[in-house]
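Student:
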Amino acid sequence: MRLSLFFALVVSIILPVHAANDTSIGYVDMQRVLEESKLGQRLQEQLRKDFEPRAKELTETEREIGQMQQDLERDKPLMSNDQVAKKEADIKARIDAYQKKAMPVQQELMKVQQEKGREIVAPARKAVDAVAKKKKIGMVVERGLSGLIYIDEALDITDAVIKQLDAASK
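Residues in the sequence shown are numbered consecutively from 1179, following my numbering.
1. For the beta strand (DSSP E) containing residue 1243, list its first residue and its last residue.
2. Is DSSP giving residue 1295 helix, strand or coil here?
3. Report buried or exposed for residue 1215, applying the criterion of at least 16 other Cβ atoms within 10 angstroms of its Cβ.
4. Throw me the rounded Cβ distance for the residue 1218 and residue 1333 pair, which I believe falls under 8 angstroms.
5. Helix, strand or coil for residue 1199, going by three-state DSSP, please let me know.
6. What does DSSP give as the partner residues of residue 1334 in its beta bridges?
7. Within the chosen definition, does the region 1268-1288 reach the region 1305-1312 through at least 3 CB pairs nearer than 8 angstroms?
8. The ligand NAD and residue 1244: does the residue's C-beta get closer than 7 angstroms to at least one heavy atom of that ligand?
9. Among 1336, 1335 and 1302, whose alpha-carbon lies nearest the alpha-carbon of residue 1347?
10. What does DSSP give as the partner residue(s) for residue 1320 in the beta ladder?
11. Are the region 1230-1244 and the region 1276-1287 touching by the rule of at least three beta carbon pairs closer than 8 angstroms?
12. Measuring only the C-alpha atoms, how far is residue 1245 from residue 1296?
13. From the DSSP output, in three-state form, read off residue 1315 for me.
Okay, structure coming up:
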């Protein structure tokens, strides 16, 4: 009886250790998948196309406000207090108008980025699953995962995931 309990104990210890040795681990850099896959690049290009004109307009307004502030600082010693106050009020009004215009654009951009992100997440997960099954990987973690201190570069399956995603999204 004791011998069979000892045998069961030894087997229960050895089998999980042996199984763990056969299970491999890989990781994927999802940021690279988003940036380098054809689907990710297509979604980024669409975002650029949709938001670039508005971003250019906002950037031009920022530049104008910056120039107004520089001009004020340069000319301030030569100006009366009333002129300085008027210029400062003009600059403040421009900044307020800019913020009112920029806030909705930024919110819309964040919303669209989240929507586009969801469009790539499901196909990317399928690609990760396919690569993991093909390479017989038991566990895949994301490289940017919080708490991950070190990981061997040999475990990186990001390139294979990008290729799988590109092949699946043609």
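Built from N, CA and C at the ideal position, the CB exists for glycine as well.
Computed from a predicted structure; not experimentally measured.
Tutor: Put simply:
1. Segment 1216-1253 is the alpha helix (DSSP H) holding residue 1243; no beta strand (DSSP E) there.
2. When DSSP states are grouped into helix, strand and coil, residue 1295 belongs to the helix group.
3. Residue 1215 comes out buried.
4. That pair is no contact at about 22 angstroms.
5. With a pLDDT of 49 at residue 1199, under the threshold of 50, the predicted position of this residue should be treated as unreliable, and no value is reported.
6. 1205
7. By the Cβ criterion, the region 1268-1288 is not in contact with the region 1305-1312, since fewer than three pairs of Cβ atoms, one from each stretch, lie closer than 8 angstroms.
8. No copy of the ligand NAD occurs in the structure displayed, which carries no ligand at all.
9. 1302
10. 1206
11. Because the criterion of three Cβ pairs below 8 angstroms is met, the region 1230-1244 and the region 1276-1287 touch.
12. 40 angstroms
13. strand
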